[in-house]
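Protein chains in written order, with UniProt numbering: chain A, 1 to 387; chain B, 1 to 271.
The beta carbon of each residue, even a glycine, is placed where N, CA and C say it ideally should be.
Below is one structure, written out as structure tokens; the observations come after it.
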Ligand SMILES: Nc1ncnc2c1ncn2[C@@H]1O[C@H](COP(=O)(O)OP(=O)(O)O)[C@@H](O)[C@H]1O
Ligand SMILES: [Mg+2]
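Put into structure tokens, the structure is as follows:
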């Protein structure tokens, strides 16, 4: 018996059981106590409320929503809003960050100074202040009657109006998928056919794939067009209000801009660090082989910088995803706000917060998993420490 | 000693070359002419401007005065000229500088496919031939970091050769290697020399200099202080030194040590 306890494997297993067991006991105790307290206050716990109708409205939704809809549908709306805001915010932040980060590594003094100023300003002001700042600016834009117009875009205090194709929602979704394919397909082809074709030919294939996907999306849009309407619906003033086009509500625009600008300043530093980490030796070797500066960038600097950047970038994305909860500050009905409203209206605090946490956990774990996969796929082979 | 003395335009002509790093005068009026097929060994103490000089030849450093004419093309701000010269001049670095995200084979084919627009099959055939030549054909599909230092340097040589350059520059190709790997790299360089390649090598390997060099240059303080065939260079005795400056002492010291057989005796000179 004593000798069994001394066995290392048995020892480790026992420790594990003890550890997991004590955590489970604590969680269980917490739940029992919470239920008893709630019962004392006359609040029934459980998830039945999910199927009751909410009785309140949301101001922004990608799905049809009425006050008669049940809570679970509202949660779905919230998650989709958060995902949508997150994707738009992350994409914009990445674009801003790449531009500013490259400016910071450029040999041009002015570009470096501008990049540095940008980072210094936007990284050091709390996100919540920036959200209020952009919200103030957007809500102080002119009324629809005197809106700023440029290329069919209208800037007003009621939101940003952009021209939008007159197509059914299914066709629009399909076209969006095709556009995404136009971006992903060439990248994927570039990886899988690396050893198969000469580089020139590979580029032709990538180009053809992208063109085909874009053509597909154009055809889908043309076919899915609503009868008797022009392909693009331009926003225009009708009476006192604006009709047509797509309206981006001020709350959403505020959050998207704030995350793009704030996240961009952090991503700029990551991009800068990534490019700084690329050895000058590799760049010089590439130049000495006669490769043009552009080729040196695409073949050597970018791929190496990306590898250095991705793990930190994944971290940053998860972090920005969580920052979308700032939407509540300006009343954007994202996941967090919907949960907060649910708590107010239904009193189901624990359940709603549980759902909120599970939702964010799922979103961020998936994001991290995707990045881990990409990281593994492109990791440098072999032991990098060897000379 | 191997030399193919062809006539006509020299492979490389450097006239009155000046180079400044800010206010620091790194190269002071360098003159050098290298015939096709000639092998030059450049030596001198650390910081004497050896790297700067050969890096000017393919415009990794921009010179501030004088002329550099490579294979009849003048090196100036003309981007076309720079591209043309870089295509014809291969370079091997002290720290190999292989592309870590590409296999050995990809390292070798990338430039011929993009710069020379060769089809993949042809580029690969060439690459395999040169990998054979540097004696590592079996490593073609490995990544650089999976190889030893000596192997990596040989890949770097093969990579430069794949562009089929007319001139090869070596900047201390064996200085970063463990002693037991030095000879495998030098052997490859000796073979290359015997095939008539025009070579400019910055190196402290005396044995190599004696075997292949047509001329040995001694640099210090951004100047070429001495230039002689290796026999003369190594035998000119300490007493024949025209002045007693410290630089001169270094040269003599180096020459005397070159008589010494153990490479460890002058390892401190390698950096
Ligand atoms: N990028 C640079 N900026 C400023 N000074 C440099 C730079 N590169 C080299 N130098 C200086 O120029 C001199 C010559 O350097 P280098 O050509 O590398 O010498 P070597 O290769 O002979 O050791 C040294 O004094 C060095 O400090
Ligand atoms: Mg040097």
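Contact list for residue i against chain A, beta-carbon separation under 8 Å
i	result
residue 101 (chain B)	303, 304, 307, 378 and 380
residue 197 (chain B)	Ordered by position in chain A, no residue passes the 8 Å Cβ test against residue 197 (chain B), which lies about 16 Å from the chain.
Residue from the options whose Cα sits closest to the Cα of residue i
i	options	result
residue 29 (chain B)	B:220, B:78 and B:229	B:220
residue 278 (chain A)	A:264, A:105, A:290 and A:335	A:105
residue 178 (chain B)	B:94, B:9 and B:66	B:94
residue 120 (chain B)	B:105, B:131 and B:130	B:105
residue 250 (chain A)	A:332, A:174 and A:315	A:332
residue 96 (chain B)	B:204, B:198, B:10 and B:171	B:171
residue 103 (chain A)	A:348, A:94, A:95 and A:114	A:114
residue 58 (chain B)	B:230, B:232 and B:200	B:200
residue 196 (chain B)	B:183, B:213 and B:204	B:213
residue 348 (chain A)	A:6, A:12, A:34 and A:309	A:34
residue 172 (chain A)	A:223, A:302, A:108 and A:283	A:223
residue 270 (chain A)	A:214, A:317, A:79 and A:44	A:317
residue 233 (chain A)	A:210, A:152 and A:289	A:152
residue 339 (chain A)	A:327, A:328 and A:352	A:352
residue 11 (chain B)	B:24, B:77, B:85 and B:52	B:85
residue 101 (chain B)	A:327, A:25, A:330 and A:299	A:299
residue 248 (chain A)	A:203, A:156 and A:40	A:156
Chain-ordered chain A contacts of residue i [CB-CB under 9 Å]
i	result
residue 83 (chain B)	290 and 292
residue 163 (chain B)	289 and 290
Contacting residues, own chain, Cβ-Cβ under 8 Å from residue i (five flanking each side not counted)
i	result
residue 65 (chain A)	57, 58, 73, 74 and 77
residue 70 (chain A)	50, 51, 52, 53 and 54
residue 322 (chain A)	360 and 364
residue 380 (chain A)	307
residue 44 (chain A)	38
residue 410 (chain A)	With chain A covering 1 to 387 only, the question about residue 410 (chain A) has no answer from this structure.
residue 185 (chain B)	150, 153, 154, 157, 173, 174 and 177
Assumed close pair residue i, residue j - CB separation to whole angstroms, cut-off 8 Å
i	j	result
residue 226 (chain A)	residue 167 (chain A)	6 Å
residue 56 (chain B)	residue 19 (chain B)	6 Å
residue 202 (chain B)	residue 50 (chain B)	4 Å
residue 138 (chain A)	residue 314 (chain A)	The Cβ separation is near 30 Å, so there is no contact.
residue 154 (chain B)	residue 128 (chain B)	Actually they are not in contact, since the Cβ atoms of residue 154 (chain B) and residue 128 (chain B) sit about 14 Å apart, beyond 8 Å.
residue 335 (chain A)	residue 356 (chain A)	7 Å
residue 36 (chain B)	residue 198 (chain B)	6 Å
N- and C-terminal bounds of the beta strand (DSSP E) containing residue i
i	result
residue 334 (chain A)	Premise fails: residue 334 (chain A) is in no beta strand (DSSP E) and is neither H nor E.
residue 40 (chain B)	39-43
residue 78 (chain B)	Neither: residue 78 (chain B) is in no beta strand (DSSP E) and is coded neither H nor E.
residue 219 (chain B)	215-220
residue 324 (chain A)	Counting along the chain, residue 324 (chain A) falls outside any beta strand (DSSP E), and DSSP gives it neither H nor E.
residue 61 (chain B)	Here residue 61 (chain B) belongs to no beta strand (DSSP E), and DSSP marks it neither H nor E.
residue 17 (chain B)	12-21
residue 156 (chain A)	153-156
residue 92 (chain B)	89-92
Limits of the unbroken alpha helix (DSSP H) element including residue i
i	result
residue 56 (chain B)	50-57
residue 48 (chain A)	Element bounds for residue 48 (chain A): n/a, residue is neither H nor E.
residue 108 (chain B)	104-114
residue 16 (chain A)	8-40
residue 153 (chain B)	149-161
residue 276 (chain A)	250-276
residue 122 (chain B)	120-133
residue 180 (chain B)	179-194
Residue i beta carbon near ligand 3 (any heavy atom closer than 7 Å)
i	result
residue 97 (chain A)	Among the ligands present in this structure, namely ligand 1 and ligand 2, ligand 3 is not found.
Residues of its chain near residue i, where Cβ-Cβ distance is below 6 Å and the 5 sequence neighbours each way are ignored
i	result
residue 88 (chain B)	71, 165 and 166
residue 16 (chain B)	29 and 66
residue 88 (chain A)	256
residue 268 (chain A)	97, 100, 101 and 119
residue 214 (chain A)	182
Chain-ordered chain B contacts of residue i [CB-CB under 8 Å]
i	result
residue 206 (chain A)	By Cβ distance, chain B contributes nothing, its closest Cβ being about 15 Å from residue 206 (chain A), past 8 Å.
residue 253 (chain A)	Under the 8 Å cutoff, chain B gives no residues; its nearest Cβ is about 39 Å from residue 253 (chain A).
residue 300 (chain A)	99
7 Å Cβ shell around residue i - same chain, five flanking residues per side excluded
i	result
residue 112 (chain B)	118, 123, 126, 162 and 163
residue 94 (chain A)	267
residue 139 (chain B)	104, 147 and 151
residue 112 (chain A)	103, 104 and 106
residue 64 (chain B)	18, 19 and 20
Contact set between residue i and chain D, taken where Cβ atoms lie within less than 8 Å
i	result
residue 6 (chain A)	The chain labelled as chain D is not found among the protein chains of the depicted structure, namely A and B.
Chain B contact residues for residue i, given Cβ-Cβ distances below 7 Å
i	result
residue 281 (chain A)	93, 95 and 97
residue 285 (chain A)	93 and 97
residue 295 (chain A)	114
Chain A residues whose Cβ lies nearer than 7 Å to that of residue i
i	result
residue 58 (chain B)	288
residue 111 (chain B)	289, 290 and 291
residue 313 (chain B)	Any question about residue 313 (chain B) goes unanswered here, given that chain B covers just 1 to 271.
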